[in-house]
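Asker: Residue numbers (my numbering), protein chains in the order written: chain A, 425 to 811; chain B, 425 to 811.
Glycine residues also receive a C-beta, built at the ideal position from the N, C-alpha and C atoms.
In this text, all values refer to a predicted model and were calculated from it rather than measured experimentally.
Number of protein chains: 2
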Amino acid sequence: MRDVAIVGIGQTPVGELWNQSLRHLGHDAIHAAMADAGIETADALYVGNMLSGELSGQEHLATLIADFTGLRGIEAAKIEAACASGAAAMRVGVLAVASGMADTVIVTGVEKMTDTLPAETTAGLAMAADQDYEAAEGATFVALNAMIMRRYMYEYGVTKVDFAPFPIIAHENALGNPNAMFHLKLTPERYEKAPAVAPPINIMDSSPICDGAAAVVLMPYEQAREFGRGKRLVRVAASVSATDTLAVHDRHDPLWLEAAYISSHKAYTLAGVTPNDIDFFELHDAFSIMAALSLEASGFAPRGKALELAASGALARDGRLPINTMGGLKARGHPVGATGVYQIVEAVMQLRGEAGANQLDHAHIAMTQNIGGSGATILTHILIGES
Amino acid sequence: MRDVAIVGIGQTPVGELWNQSLRHLGHDAIHAAMADAGIETADALYVGNMLSGELSGQEHLATLIADFTGLRGIEAAKIEAACASGAAAMRVGVLAVASGMADTVIVTGVEKMTDTLPAETTAGLAMAADQDYEAAEGATFVALNAMIMRRYMYEYGVTKVDFAPFPIIAHENALGNPNAMFHLKLTPERYEKAPAVAPPINIMDSSPICDGAAAVVLMPYEQAREFGRGKRLVRVAASVSATDTLAVHDRHDPLWLEAAYISSHKAYTLAGVTPNDIDFFELHDAFSIMAALSLEASGFAPRGKALELAASGALARDGRLPINTMGGLKARGHPVGATGVYQIVEAVMQLRGEAGANQLDHAHIAMTQNIGGSGATILTHILIGES
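Following this line, the structure appears as structure tokens:
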């Protein structure tokens with residue numbers, strides 16, 4: 425098994441990008457990553473995407489993007505795992521390089537969600553849930569998360585306003601990210617008064633519908649060291665995927681993300697680290713409740729205590745475990761199949777010391793976690809920067 | 425890099441399976457493969473599927489099937505490459521085992537195409553083509569193939585009836601396959617009189633819309649040898665994917681499948697064989713014209729000569745290069761995302777000597793080729809049976 429390095433990163437701004445289709449978004453992110461890596465071609469392209477068929481009428485997406493990007497001929501496939509599609513594509517890229525079957529691999533995540541009516545996009549997103557036993561009963565994605573959040577409040581005796589630190593941190597960090605969708609400072613008052621989406625979830629608990637693409641270039645670590653061009657190398661120390669029941673009602677405990685527990689703890693073992701060693705954590709705050717559950721299952725807070733951790737200031741950029749340092753899903757935006765790759769691109773920026781206004785003082789070991797569905801598929805990556 | 429073995433195979437019958445949804449089909453094929461391999465769990469599940477979102481309103485399919493199949497917790501992802509999704513999932517399974525990151529991997533291909541109106545299914549299939557520049561102009565998938573077939577007839581001075589051997593061989597071979605969709609003997613007269621779909625393509629040139637699932641279990645070859653339980657081991661000697669332009673009109677030559685050329689010739693090199701060494705070839709006869717182009721690009725016939733090869737009898741079960749020994753896409757059926765895995769399952773049956781009435785006398789080295797779109801994504805696998 426070969427160690428894998430990330431040698432190039434690229435991204436588009438996140439937003440309502442009506443003048444760009446899937447192929448243009450993929451093209452822009454990939455070319456930025458290729459330029460950053462200093463490569464002109466690759467052996468394979470893996471594309472993370474959830475909704476190209478439903479919302480753009482286009483399958484066969486990876487080959488389309490390879491063709492449009494000038495990579496005609498190379499291996500290409502689309503990888504889908506709902507909102508975790510981006511990290512799932514990253515995982516396949518890691519497999520390809522680790523196996524020795526490919527030396528240079530491009531992974532991109534791309535999603536286009538704003539060219540359809542909101543009801544169509546919402547119906548598309550509901551395909552991440554169990555169509556026959558959740559969606560067919562009228563449960564949208566936000567409704568499922570709202571029920572989990574309400575249960576959390578009941579079990580642990582917390583109130584809605586206790587979740588405020590998550591979106592406040594996200595929006596604070598997005599202020600320094602020019603690619604983020606939102607640049608607005610969120611106050612506790614504004615959070616409390618935000619319009620409800622599915623109570624107790626309000627619009628400030630919810631990541632936005634948006635478009636975007638991000639990309640990375642992978643190479644064998646040893647080869648990347650020789651190839652190095654002055655940029656700090658980043659090693660993929662762990663790449664792990666785990667699953668849980670698709671339907672929330674099938675879980676023994678809806679407040680426990682078993683797939684986050686499995687994937688994070690396997691990742692710690694593979695990387696030879698403990699949660700204490702993680703310098704910052706790009707987590708999946710599609711809804712505020714998911715940020716809390718992710719922290720608890722990954723070993724950063726005892727059960728029911730994630731909100732205390734958030735209130736303590738530990739998760740801000742100057743805290744001991746900064747999260748979502750470029751704005752997270754809430755404020756950078758959540759183009760679903762692209763998010764997992766955005767998380768990795770942003771982690772690499774921090775590890776390289778290229779995070780600009782948001783650069784952390786100490787960024788050597790990063791963790792990213794991408795969640796598909798209401799916790800049904802969860803991938804954890806640990807990335808280590810060269811000292 | 426570790427060598428990879430196929431240690432289990434399973435399949436459902438192919439047909440209009442109205443009483444089974446995607447999860448049931450996947451479950452049945454996977455459990456058959458697991459029983460065949462003698463395993464009770466696995467490290468990962470990769471699902472080849474093209475149309476679950478469009479036709480069943482269900483994404484996040486791999487996790488759903490893992491959950492429903494009793495594999496809760498394991499890594500899972502859906503792989504999409506249009507009609508080549510099945511082989512693309514196989515490729516990811518091979519990467520996972522070869523890398524050393526997984527020891528036991530299940531690959532399944534599953535598709536459900538008959539629960540929707542024919543127009544909806546046709547629109548879904550058109551998503552394999554370029555939505556903005558082919559489908560939006562009204563070109564369905566069969567229309568694109570019809571134009572290629574007509575061009576072939578013009579360039580090489582052949583007539584429609586010269587294509588008859590392909591479906592005749594497929595239907596002949598399906599007679600001995602209990603899982604095939606069709607069990608009818610096709611005569612040249614019946615072929616000539618078949619109703620037109622998109623001239624010159626008639627219904628006997630066209631693979632059917634249908635449902636089905638197939639699955640394989642992969643393990644490291646060395647481990648499988650120790651683990652062996654009396655079945656002949658099959659080694660994956662080559663697993664290669666290549667692409668071409670998505671749109672047919674972008675090709676320099678619409679009669680040349682560059683992605684078949686690249687993937688087959690890389691596969692020959694990796695496996696250390698030549699086309700002469702291939703004992704039988706499971707090829708992608710979604711339409712008769714694709715069978716001809718596949719044979720030519722893969723080095724089995726000079727350009728324009730595939731129909732002569734077919735007319736010579738060489739492609740029948742007693743010929744020197746039997747094709748589609750269990751009925752191919754035309755007569756076994758073509759549940760699109762499942763087809764690539766059916767091809768591999770059937771090849772393993774031959775290599776193991778388990779092909780029943782259709783068993784070849786000499787089956788030691790097999791090749792399978794799965795085509796996505798009108799030749800845009802093509803995967804070639806070479807499988808070698810233990811002597």
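Counting only runs of 4+ residues fully inside the stretch 566 to 602 of chain B, write out the alpha helix (DSSP H) ranges in chain order.
Answerer: 589 to 598
Asker: Are there 16 or more other CB atoms within 10 angstroms of the CB of B:Val585, so buried, or fewer, so exposed?
Answerer: exposed
Asker: Let me check one thing: in DSSP terms, what residues is A:Gln435 bridge-paired to?
Answerer: A:Ala638
Asker: Using CA atoms only, rank isn't needed, just tell me which of A:Ser811, A:Tyr470, A:Val428, A:Ala429 is closest to A:Ala639.
Answerer: A:Tyr470
Asker: Output needed for A:Thr487: all residues of its chain with C-beta closer than 7 Å, excluding positions within five of it in sequence on either side, in chain order.
Answerer: Ala500
Asker: At 8 Å on the CB atoms, spell out the chain A contacts of B:Ala637, in chain order.
Answerer: The premise fails here: B:Ala637 is roughly 17 Å from chain A at the closest Cβ pair, so nothing lies under 8 Å.
Asker: Quick check on the DSSP output: the beta strand (DSSP E) that includes B:Glu499 runs from which residue to which?
Answerer: 499 to 504
Asker: Should A:Val672 be flagged as near chain B, meaning a C-beta pair shorter than 8 Å?
Answerer: no
Asker: What residue range is occupied by the uninterrupted beta strand (DSSP E) comprising A:Val658?
Answerer: 658 to 667
Asker: Do the stretch 457 to 473 of chain B and the stretch 542 to 557 of chain A touch if we need at least three Cβ pairs shorter than 8 Å?
Answerer: no
Asker: Examine the Cβ distances between the stretch 572 to 579 of chain A and the stretch 713 to 728 of chain A and report whether three or more of them are shorter than 8 Å.
Answerer: yes
Asker: Chain A beta carbons: is any one of them nearer than 8 Å to that of B:Ser480?
Answerer: yes
Asker: Which bits of chain B does A:Ile454 rub up against, with CB to CB less than 9 Å?
Answerer: One finds nothing in chain B with a Cβ atom closer than 9 Å to the Cβ of A:Ile454; even the nearest lies about 14 Å away.
Asker: How long is the line joining the alpha carbons of A:Gln647 and A:Ala526, rounded to whole angstroms?
Answerer: 12 Å
Asker: Does DSSP classify B:His805 as helix, strand or coil?
Answerer: strand
Asker: Using a C-beta to C-beta distance shorter than 8 Å, which residues of chain A count as neighbours of B:Gln555?
Answerer: Ser480, Gly481, Gln482
Asker: Which stretch, first to last residue, makes up the alpha helix (DSSP H) that contains A:Gln774?
Answerer: Here the alpha helix (DSSP H) through A:Gln774 covers 760 to 776.
Asker: With the cut-off set at 8 Å, would you say B:Ala466 and B:Ile498 are in Cβ contact?
Answerer: yes
Asker: For the alpha helix (DSSP H) that contains A:Met514, what are its first and last residues?
Answerer: First-last of the alpha helix (DSSP H) with A:Met514: 509 to 523.
Asker: According to DSSP, is B:Leu784 helix, strand or coil?
Answerer: coil
Asker: Exposed or buried, which one is A:Ala735 when buried takes at least 16 other CB atoms within 10 Å?
Answerer: A:Ala735 should be labelled exposed.
Asker: State the DSSP-derived secondary structure class of A:Ile713, mapped to helix, strand or coil.
Answerer: helix
Asker: Out of A:Arg447, A:Ala552, A:Pro759, A:Val660, point me to the one whose CA is closest to A:Val431's CA.
Answerer: A:Val660
Asker: List the endpoints of the continuous alpha helix (DSSP H) containing B:Gln647.
Answerer: 645 to 651
Asker: Does the beta carbon of A:Val516 sit closer than 8 Å to a beta carbon anywhere in chain B?
Answerer: At a cut-off of 8 Å, the C-beta of A:Val516 has a neighbouring C-beta in chain B.
Asker: Consider the C-beta atom of A:Ala725 and the heavy atoms of the ligand SAH; say whether any pair is separated by less than 7 Å.
Answerer: Within the structure as shown, the ligand SAH is missing, as the structure has no ligands at all.
Asker: Hey, is B:Ile463's beta-carbon within less than 8 Å of any beta-carbon in chain A?
Answerer: The Cβ of B:Ile463 sits no closer than 8 Å to any Cβ of chain A.
Asker: From A:Glu596 to A:Phe590, what does the alpha carbon distance come to, in whole angstroms?
Answerer: 10 Å
Asker: Let me know if A:Ser811 comes out buried or exposed under the rule of 16 or more other beta-carbons within 10 Å of its beta-carbon.
Answerer: Burial is judged here by how many other beta carbons sit within 10 angstroms of a residue's own beta carbon; A:Ser811 has fewer than 16 and is exposed.
Asker: Write down the C-beta distance between A:Leu449 and A:Val760 rounded to the nearest angstrom, noting that I regard them as a contact closer than 8 Å.
Answerer: Not a contact, Cβ separation roughly 13 Å.
Asker: Output needed in chain order: residues of the stretch 785 to 809 of chain B with a Cβ under 9 Å from some Cβ in chain A.
Answerer: Listed by position along the chain: Gly796, Gly797, Ala800, Thr801, Leu803.
Asker: Would you mind telling me which residues of chain A sit closer than 7 Å to B:Thr545, beta carbon to beta carbon, in chain order?
Answerer: Simply none; closest approach about 13 Å.
Asker: Mind checking whether B:Arg426 and B:Ser665 have CB atoms under 8 Å apart?
Answerer: Cβ atoms of B:Arg426 and B:Ser665: not closer than 8 Å.
Asker: By the criterion of Cβ-Cβ separation under 9 Å, what are the contact partners of B:Ser523 in chain A?
Answerer: Met425, Arg426, Val518, Leu519, Ala520, Val521, Ala522, Ser523, Gly524, Met525
Asker: According to DSSP, is A:Met425 part of a helix, a strand, or is it coil?
Answerer: coil
Asker: Tell me, which residues are paired with B:Ser630 by DSSP?
Answerer: B:Phe711
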